[in-house]
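Down below is the structure, laid out as structure tokens.
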Amino acid sequence: MGALLSICTVGQLACCCGSAACGLCCSACPTCKSSTSSRLMYAVMLLVTTIVACVMLSPSVRDGLQKVPFCKENAIYSVPCENAVGFLSIYRIYFSLTLFFVLFSLMMIGVKSSRDSRAGIQNGFWAIKYLILIGGIVGAFFIPEGNTFGKVWMYFGLFGGFLFILVQLVVLIDFSHSWAESWVEKSEENNSNSWYYALFFFTLLHYVAVLTSVVLFYIYYTQASGCGLHMFFISINMILCIVLSLVSVLPQVQEVQPRSGLLQASLVSVFITYLTWTSLNNSPVSQCKPLIWQTSNKSYFDVQNIIGLVLSFICILYSCIKSSSNGLSSEVGSEENVIVSERADGVNTNDEERGVAEDNEEHGVVYSWSVFHFTLSLASLYLMMTLTNWYSPDSVINLSESTASMWVKMSSCWLCSIMYVWSLVAPVVLPDRDFS
1 MGALLSICTV GQLACCCGSA ACGLCCSACP TCKSSTSSRL MYAVMLLVTT IVACVMLSPS
61 VRDGLQKVPF CKENAIYSVP CENAVGFLSI YRIYFSLTLF FVLFSLMMIG VKSSRDSRAG
121 IQNGFWAIKY LILIGGIVGA FFIPEGNTFG KVWMYFGLFG GFLFILVQLV VLIDFSHSWA
181 ESWVEKSEEN NSNSWYYALF FFTLLHYVAV LTSVVLFYIY YTQASGCGLH MFFISINMIL
241 CIVLSLVSVL PQVQEVQPRS GLLQASLVSV FITYLTWTSL NNSPVSQCKP LIWQTSNKSY
301 FDVQNIIGLV LSFICILYSC IKSSSNGLSS EVGSEENVIV SERADGVNTN DEERGVAEDN
361 EEHGVVYSWS VFHFTLSLAS LYLMMTLTNW YSPDSVINLS ESTASMWVKM SSCWLCSIMY
421 VWSLVAPVVL PDRDFS
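Anchor point for the sequence shown: position 332 equals 332 in full-length UniProt numbering, and the numbering is continuous, going up by one each time.
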């Protein structure tokens, strides 16, 4: 009996701590590879931490802590339990998560294949990783109180959130290119124009959404006196959307980049419009915003936060599942080439059909492990700022009003526009360089 228990214990530890845990992600995905399953496991870690952070913002949790004996003020040994909930608790949780991903990013610098000794750390030991993360989160709550930690970490969050917005733009452009190419190929294969009509429909839908949003912005965000800055933001971003749409269909651009088109430009315009909306809501000029966005409730969690969370996780999951190379991965060889070489070496690929995570990085990594973890650290900072309404520790009335966050989001709008336009005109301006 003892021998059986020892075998079961060893098996459970191997599943939780070793790379076998990755296979659990692939039980329903016959073509899942270890590169994909590992990325999904880290995304799950980010998701679980975000759920815990959302719970910390719940008013019911704060009220429940007041009933705990050692949290009461008249207790013999009183503990400041209010520090365990609220916006500053979110800062502490994501402080540990960000450092966790930064540490892994530094550890995985220079990994070329899964034969590297660090591959086991990347693809396994999941129980130990969670224990380390939990220990870091618990330790973060012992950071002394005061505005120093909140102020300093807020600026890290602003900078990291700004960079992750740019990452979202890169992923969005990659998705729009893949979307357009896929439907064009289907139209050519089936010799049907229905796919072209579908592309036209969604492009038109995006532009209608942008135009409707701009009209609503002018109606609700510029009517009061002293809203000149809002009007400037809305006008300049509308002009940028028009410019990037025109540039995307220029004959010179189409000649060197035939896959560029209005679908990509419309999606970027929608993204810029969304950033404009969130920036306007973070404006400290309360009279220039609709009443629905004016609140003094410190536990306020609005629609724009939910949209931000959904967009960020869609971006992360798309990056995890995407198998082709993109601007965020400096891979040694494409996943398809690695799989072909494995089959040429006689590796049995039947494990795919059984839902086992197959090692497809033996000859070269499919994605840069270091860059991937660094991107997750930026995502952690962005989620932290999103959950806290881009909170500033100096705010005492309305935690959703922040001049710094307003300018961060607005400047990211302009930089997103410049990046997209440059991605279109760069091959024209620099014909001797390879931008493929």
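For each residue, glycine too, the CB sits at the ideal point set by N, CA and C.
- Contact annotation: F95 and A379 have beta-carbon atoms that are not nearer than 7 Å.
- With a minimum length of 4 residues, the unbroken runs of alpha helix (DSSP H) contained wholly in the stretch 181–243 fall at 194–221.
- In the pairwise beta carbon analysis, the stretch 124–141 is classified as touching the stretch 42–53: at least three pairs are separated by under 8 Å.
- Using a Cβ distance threshold of 7 Å, E181 and R259 count as a contacting pair.
- Under the DSSP assignment, R92 falls in the alpha helix (DSSP H) whose first and last residues are 87–107.
- For the pair W369 and M108, the CB atoms are nearer than the 7 Å cut-off.
- In this structure, V208 sits away from V270, with a CB-CB distance that is not shorter than 7 Å.
- Comparing alpha carbon positions, the residue from Y42, I128, W390 closest to G308 is W390.
- In terms of Cα proximity to P251, the closest of L424, S417, V366, I234 is L424.
- For W369, the enclosing alpha helix (DSSP H) covers residues 369–387.
- Looking from the CA of M45, the closest CA among S89, I128, S266 belongs to I128.
- Here P144 is exposed. Its C-beta has fewer than 16 other C-beta atoms within 10 Å.
- The stretch 407–425 makes no contact with the stretch 188–202; the number of CB pairs closer than 8 Å stays below 3.
- The three-state secondary structure of L250, taken from DSSP, is coil.
- In chain order, V171, F175 place their CB closer than 7 Å to the CB of Y318, counting only its own chain and leaving out the 5 sequence neighbours on each side.
- Setting aside the 5 residues that flank it on each side, Y42 is surrounded in the same chain by L376, each with a C-beta closer than 7 Å to its C-beta; the list follows chain order.
- Counting of Cβ neighbours within 10 angstroms places F162 among the buried residues, the total reaching 16 or more.
- Take L311, set aside five residues on each side of it, and the residues of its chain with a beta-carbon closer than 7 Å to its own are Q168, in chain order.
- Counting along the chain, K129 sits inside the alpha helix (DSSP H) bounded by residues 126–140.
- DSSP, reduced to helix, strand and coil, places G308 within a helical segment of the structure shown.
- In the structure shown, V111 falls within a coil segment according to DSSP collapsed to helix, strand and coil.
- In summary, F200 is exposed, with fewer than 16 beta-carbon neighbours lying within 10 Å of its beta-carbon over all protein chains present.
- Per DSSP, reduced to three states, the secondary structure at D174 is helical.
- In the DSSP annotation of this structure, S58 is not part of any alpha helix (DSSP H), being labelled neither H nor E.
- Within the same chain, and ignoring the five residues on either side of L97 in sequence, the residues whose Cβ sits closer than 6 Å to its Cβ are T49, S380.
- DSSP, reduced to helix, strand and coil, places R433 outside both helices and strands of the structure shown, so it counts as coil.
- Ranking F104, L57, K151 by CA distance to the CA of R39 puts F104 first.
- M410 and C241 have their C-alpha atoms spaced approximately 14 Å apart.
- In the three-state DSSP reduction, P290 falls in the coil class, being neither helix nor strand.
- Within the same chain, Cβ atoms closer than 6 Å to the Cβ of P290 are found at Y220, the five residues on either side in sequence being excluded.
- Per the C-alpha coordinates, the member of A426, L99, M406 positioned closest to F233 is M406.
- Counting C-beta atoms within 10 angstroms of its own C-beta, T212 has fewer than 16 neighbours from the protein chains shown and is therefore classed as exposed.
- The beta-carbon separation of L88 and G160, rounded to 17 Å, does not stay under the 8 Å limit for a contact.
- In summary, F142 is exposed, with fewer than 16 beta-carbon neighbours lying within 10 Å of its beta-carbon over all protein chains present.
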